[in-house]
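> In the working numbering, the protein residues as written are -16 to 1230. The beta-carbon is built from N, C-alpha and C at its ideal position, and this holds for glycine as well.
Put into structure tokens, the structure is as follows:
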């Protein structure tokens, strides 16, 4: 309570509270009064329990009403409490805090709320949560966190105004209200298949583990950690914590001393096996998978000898040992373990280059092995889970069965299934095994305890036949499905002939008639169905049929009626409009994705099938294994039944299933190809070195980026903007010049243009840019480029003394604005360039991309992944975000680690830190922590400091150290501390001793100086060697390795030699200016696919002259239409055309250097298809007009028949169907005798 002017104001009914909590009375300490004020919200009947309500006495309701009246009379709102605080009334601050946290405390219940009573009870709060003091400042680096607290508190008080309407219900163990658990019968979940359960477990984890974790969290409760401070999760939005990598899982990832890109996959695969036998088995499996066409990179094993194949498998085993046992990241293995995995470093599409300057290498095979490693681990995890599930289901089934014969059969069946599961080598084969298990041990057949909530069992014809005892009839058909599978897969040969029964099939079936199968024909039909289903679910049968199908199936396409109209010779689907019998293995690019899309849009009809000859041979081979050789009449009758079984299994189950699998296989292959093309486009973007002027190329060790003036054209507001960047990418100055490229038609326009030109002249004279980059977005940019050249010419002509040496031969380049526009609208641009307008951010990105392409692309690889919006290929839309970002990460990791990262320079210019997350051993979480540490330190002078002062664990340090440059740059440029020369090389710290010994030996051999005992002398030797690159280049590493007995380290010795010549030499390809075709694409937005000779375009007439008309096409390009190309009999175009007319024309030719298109619209030219490119057509492209005509005739007849039979009815109902009377009667017959929720009803007597 609070005393105010001699009057006591009660915030809660203390008497009732103490009566309900006798163990929480007042202590002798006066401070307990404040604790009582807090604890009064522990149990104030604010939350009413349904169970206890039934047990209360009648007087309880009256006491509850009394308490409500007291609270209504005396409880103060926050405004009153603020007034009390301003008046310094004792106890008012605690009461205010009490109200602010009221809702949070009530949500915890008794256990969590008791944490407010005293300090000792804080130990029961949830552990592991981060404290506000540790994380809030790291998120925002200002006092916004306090403002956020105040706002949150206000929200809590406002929400508590409706507190009386919240009623707590009785909940079960997992927190679900008991009163809400009853659902409709139709809404209950059916029994799930084991494959579905396993897939859910892979995605979400084990259900029991999740429930146990939830119970622990509920038991711990609370929003405070063990020290009494509020956790970060309760201070900020989860999305913000995820963006900043500040969640609990992120903390765990940072703390574990394992490379981040190894940790993340292990969350789904589990800990990998580390024993030699398992690693050897996995290496063999991966080597076989590399032979197939499914991985993104296929290794041609036929071109390898037996010894080379063994070497490849050994290198795969070495790689797996490095990753699983030693926990080394992939870039480290590729750079510093070359001798152990040399066969995996060969690029199938790239010749090996062993010159003085290596080139960047995309380790495609190595990444493919890493991906297959993950697939193998997931496969083994699924097989282990299925093994446990199968044994558990068998035990449940065994307890339910009392027949020893059937139990023995089930046991042998289970052993067979487990054997096939152990032999399965792909997800598809595991699916086959699971399908057989679910057929014989259906989840719906498992018994449940009496009184338990039963799920509705799934009923199938097979289970009905099995319950009717028709499985005995199946056994009389001959060999079982398993025997048939062994024979057809050539695992077992057929030795014993089948003994045909003397009775006919009908006579045998007569003994098995029952209520559901009351005739011999129905018994035989049910038995045939069971046999067909068992054959179609037999894994060996599926594997054999799958092999034949995938090797021989063909794809054919033909256009629908709409497709024939829409798809012309320049349409996206033109190349797949008519395909005839194209084999599956001939689909090597993304062609299938186009076919699939056209089929979805109902423009193509697609068939995937086996050729007739292959299908007949397959059926004959199957009959040879399944039918008997008897010639008696009964044998022929039984063979007829067997033929029907095979026909049912093949036609109704196997072939449709294999067609679906073939479609999925084609989709997977096409996506793999498209993903590699996406990766190649990205590789070309990020593997380019920063722009360097030609005169700088002489001095190869000069790594200072050029000063760049970036320009972004704009019309109106914002105006055309120029941004000057220094050599480190920081903004120096900004200039707006909206009238610089204006067409001066009036005096005012001329004055404005001249004024902007003079401003730009002063701007360039003052800042002396070394290169100018202009964002190319439209044709107006060509005029702007000319204006810039004119100003540069004026500078040199009028003020030669003001023009520095660096501006001699100043280049004005076109730049692509696609990436800068993404950066302009990204979150990271606001963090890196706060307070600037969007066009300035865009210009900065344009200039920085010229200075450091890798860092600019990495800037868009943050948590938001804006890089995925970068359009790199016209078929990008076929790839999902996860697929694309996996490839982005792969490319960025390879390029970043081969280029290296200067930590001191990045610590002084934080936008250069963006590639840090791709450094070996790191990731976005570990990189963010290291970046904060380096920024706080300001500079670093030794790689060892990463291990001792910046929190890297030993394993992470081993993977990362060789790719992080430590040199005198940034704040370390003027340091007096010793900086190791080797820290500015790609030489790994583990090889420092070897490098020092090699450098001494080389120096002794070249100079003849033996005085190299101390570090200073060694550093001098390195400097002297670098001053004599020719002497180092002539040094024979091979001979040195033989003389010193280090032949096994020859790759490392070659790398050390290159680094001693020049540390971190740039291996990227040189920046090249855009050619004319590339400039045309940027300026016009048109590619060869969208604008080419013969293309139909819409042209708008802008100006008409007697002999020609000036037009513009949709992209804004200028187009020319001459009189002779308009019509043969047109003498004056002014009589035929007028300004604003829209014409349908065909492109005659394109002048890319002038950005001009020539058109024709003569009738003869419009009909001519000579421009269609027949050279690029598929070899299997064959038009079949006869089939199209028959389809069109059929469609026409169907429309006429529909018009004749149907009458239009104005009925709007989701269930209404306008069908004929015969169709309605057919539906009624089908529904007769069945329990269905929906039955056909005729709304009127006349149908």
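(1) Assuming residue 929 contacts residue 940 (C-beta within less than 8 Å), just tell me the rounded distance between them.
(2) By Cβ distance, which residues of its chain are closer than 6 Å to residue 1084, with the 5 residues on each side in sequence left out?
(3) With contact counted as at least three CB pairs below 8 Å, one residue from each stretch, are the segment 530 to 542 and the segment 1138 to 1149 in contact?
(4) What residues are listed by DSSP as bridge partners for residue 719?
(5) Please return the same chain residues whose Cβ sits closer than 7 Å to the Cβ of residue 433, not counting the five positions on each side in sequence.
(6) Indicate the three-state DSSP secondary structure (helix, strand or coil) for residue 729 in the structure shown.
(7) Is residue 448 helix, strand or coil by DSSP?
(8) Measure the alpha-carbon distance for residue 329 versus residue 357 and round it to whole angstroms.
(9) If I measure Cβ to Cβ from residue 266 and keep anything under 7 Å in the same chain, skipping five residues before and after, which residues do I get?
(10) Indicate whether residue 513 and residue 609 have their beta-carbon atoms separated by less than 8 Å.
(11) Run through DSSP, which three-state label would residue 573 get?
(12) Where do the ends of the alpha helix (DSSP H) carrying residue 292 lie?
(13) Compute the distance between the beta-carbons of residue 468 and residue 521, then report whether it is under 8 Å.
(14) Over what stretch of residues does the alpha helix (DSSP H) that includes residue 251 continue unbroken?
(15) So what's residue 310 in DSSP terms, helix, strand or just coil?
(16) Look at residue 590 and residue 519 and say whether their C-beta atoms are less than 8 Å apart.
(17) Answer yes or no: do residue 576 and residue 556 have a C-beta to C-beta separation smaller than 8 Å?
(18) Thinking just about the alpha-carbon of each residue, which of 1076, 1028, 219 and 1004 is nearest to the one in residue 1044?
(19) Give the secondary structure of residue 1080 by DSSP, where H, G and I count as helix, E and B as strand, and everything else as coil.
(20) How should residue 1054 be labelled, buried or exposed, when 16 other C-beta atoms within 10 angstroms of its C-beta is the threshold for buried?
(21) Going straight from the alpha carbon of residue 796 to that of residue 694, what length do you get?
(22) What would DSSP say about residue 1103, mapped onto helix, strand or coil?
(23) If you compare alpha carbons, which of 699, 1118 and 673 is closest to residue 688?
(24) Determine the closest residue to residue 812 out of 792, 791 and 841, with distance taken between C-alpha atoms.
(25) For residue 1140, list the residues DSSP reports as bridge partners.
(26) Just how far apart, CA to CA, sit residue 1068 and residue 1098?
(27) For the segment 491 to 502 against the segment 449 to 457, are there 3 or more C-beta pairs whose distance is under 8 Å?
(28) So, for residue 257: in the same chain, excluding its five sequence neighbours on each side, which residues have a beta-carbon less than 6 Å away from its beta-carbon?
(29) Just mark residue 884 as buried or exposed, buried being the case when its beta carbon has 16 or more other beta carbons within 10 Å.
(30) Given that a residue counts as buried once 16 or more other Cβ atoms are within 10 Å of its Cβ, and exposed if not, what is residue 173?
(31) Just grab the DSSP bridge partners of residue 590 for me.
(32) Would you kindly work out how many angstroms separate the C-alpha atoms of residue 659 and residue 614, rounded to a whole number?
(33) Determine the DSSP secondary structure at residue 604, reduced to helix, strand or coil.
(34) What residue range does the beta strand (DSSP E) around residue 692 cover?
(35) Taking the alpha-carbon positions, what's the residue 905 to residue 425 distance?
(36) With a CB to CB cut of under 8 Å and the five nearest residues on each side skipped, what residues in its chain are close to residue 1052?
In brief:
(1) Here the question's residue 929 lines up with position 946 in the chain shown. Here the question's residue 940 lines up with position 957 in the chain shown. Residue 929 to residue 940, Cβ: 6 Å. Contact.
(2) Residue numbering aside, residue 1084 sits at position 1101 when the chain shown is read from its first letter. 1092, 1094, 1120, 1122 and 1124, listed in sequence order.
(3) no
(4) As a first step, residue 719 must be located in the chain shown, where it is residue number 736. Residue 719 pairs with 704.
(5) The residue given as residue 433 occupies position 450 in the chain shown. For residue 433, the predicted structure reports a pLDDT of 43, less than 50, and the residue's modelled location is therefore unreliable. A value from the coordinates is still provided. Excluding residues within five positions, none has a Cβ falling inside 7 Å.
(6) What you label residue 729 is simply residue 746 of the chain shown in a count that begins at 1. DSSP places residue 729 in coil when its eight states are reduced to three.
(7) For the purposes of this step, residue 448 is taken as residue 465 along the chain shown, with counting starting at 1. The answer is helix: DSSP assigns residue 448 an H, G or I state.
(8) Residue 329 sits at position 346 when you count from the first residue of the chain shown. Residue 357 sits at position 374 when you count from the first residue of the chain shown. Between residue 329 and residue 357, the C-alpha separation is close to 22 Å.
(9) One-based indexing of the chain shown puts residue 266 at position 283. The residues are 296, 299, 300 and 303.
(10) Here residue 513 refers to the residue found at position 530 of the chain shown. Here residue 609 refers to the residue found at position 626 of the chain shown. Not a contact, by the Cβ cut-off of 8 Å.
(11) Translated into positions along the chain shown, residue 573 becomes position 590. Reduced to three states, the DSSP call for residue 573 is coil.
(12) As a first step, residue 292 is located in the chain shown; it is residue number 309 there, counting from the start. Where residue 292 is concerned, the enclosing alpha helix (DSSP H) stretches over 289 to 307.
(13) Within the chain shown, numbered from 1, the residue matching residue 468 stands at position 485. Within the chain shown, numbered from 1, the residue matching residue 521 stands at position 538. It is a contact, given that the beta carbons lie within the stated cut-off.
(14) One-based indexing of the chain shown puts residue 251 at position 268. 243 to 252 is the extent of the alpha helix (DSSP H) around residue 251.
(15) For the purposes of this step, residue 310 is taken as residue 327 along the chain shown, with counting starting at 1. Of the three classes helix, strand and coil, the one that applies to residue 310 here is coil, per DSSP.
(16) Translated into the one-based positions of the chain shown, residue 590 becomes position 607. Translated into the one-based positions of the chain shown, residue 519 becomes position 536. In this structure, residue 519 does not lie closer than 8 Å to residue 590 by Cβ.
(17) Numbered from 1 along the chain shown, position 593 holds the residue referred to as residue 576. Numbered from 1 along the chain shown, position 573 holds the residue referred to as residue 556. It is not a contact, given that the beta carbons lie outside the stated cut-off.
(18) Position 1061 of the chain shown holds residue 1044. When each option's Cα is compared against that of residue 1044, the closest is 1004.
(19) Position 1097 of the chain shown, counted from the first residue, corresponds to residue 1080. Strand.
(20) As a position in the chain shown, residue 1054 is number 1071, starting the count at 1. Exposed: under 16 other Cβ atoms inside 10 Å.
(21) Position 813 of the chain shown, counted from the first residue, corresponds to residue 796. Position 711 of the chain shown, counted from the first residue, corresponds to residue 694. Between residue 796 and residue 694, the C-alpha separation is close to 10 Å.
(22) Position 1120 of the chain shown, counted from the first residue, corresponds to residue 1103. Three-state DSSP puts residue 1103 in a strand.
(23) For this step, residue 688 is matched to residue 705 along the chain shown. Answer by Cα proximity: 673.
(24) Residue numbering aside, residue 812 sits at position 829 when the chain shown is read from its first letter. The option with the nearest alpha carbon to residue 812 is 841.
(25) If you number the chain shown from 1, residue 1140 lands on position 1157. The partner list for residue 1140 (beta bridge, DSSP) reads 1102 and 1133.
(26) In the chain shown, counting from the first residue as 1, residue 1068 sits at position 1085. In the chain shown, counting from the first residue as 1, residue 1098 sits at position 1115. Cα-Cα distance, rounded: 7 Å.
(27) yes
(28) Looking up residue 257 in the chain shown gives position 274. Closer than 6 Å at the Cβ level, and outside the excluded window around residue 257, lie 307 and 308.
(29) Your numbering for residue 884 matches position 901 in the chain shown. Residue 884 is buried by the Cβ-count criterion.
(30) Residue 173 sits at position 190 when you count from the first residue of the chain shown. Summary for residue 173: the model assigns pLDDT 44, below 50, so the residue's position carries little reliability, and this model does not support an answer.
(31) Looking up residue 590 in the chain shown gives position 607. According to DSSP, residue 590 bridges with 539.
(32) As a working mapping, residue 659 is identified with position 676 in the chain shown. As a working mapping, residue 614 is identified with position 631 in the chain shown. Rounded to the nearest angstrom, the two C-alpha atoms are 59 Å apart.
(33) The residue you call residue 604 lines up with position 621 of the chain shown. In the structure shown, residue 604 sits in a helix (DSSP, three-state: H, G or I).
(34) Locating residue 692 in the chain shown gives position 709, where the first residue counts as 1. That run of the beta strand (DSSP E) goes 691 to 695.
(35) Position 922 of the chain shown, counting from 1, holds the residue named residue 905. Position 442 of the chain shown, counting from 1, holds the residue named residue 425. Whole-angstrom Cα-Cα distance: 47 Å.
(36) Reading the chain shown from its first residue, position 1069 is the one you call residue 1052. Same-chain partners within the cutoff: 342, 343, 670, 671 and 672.
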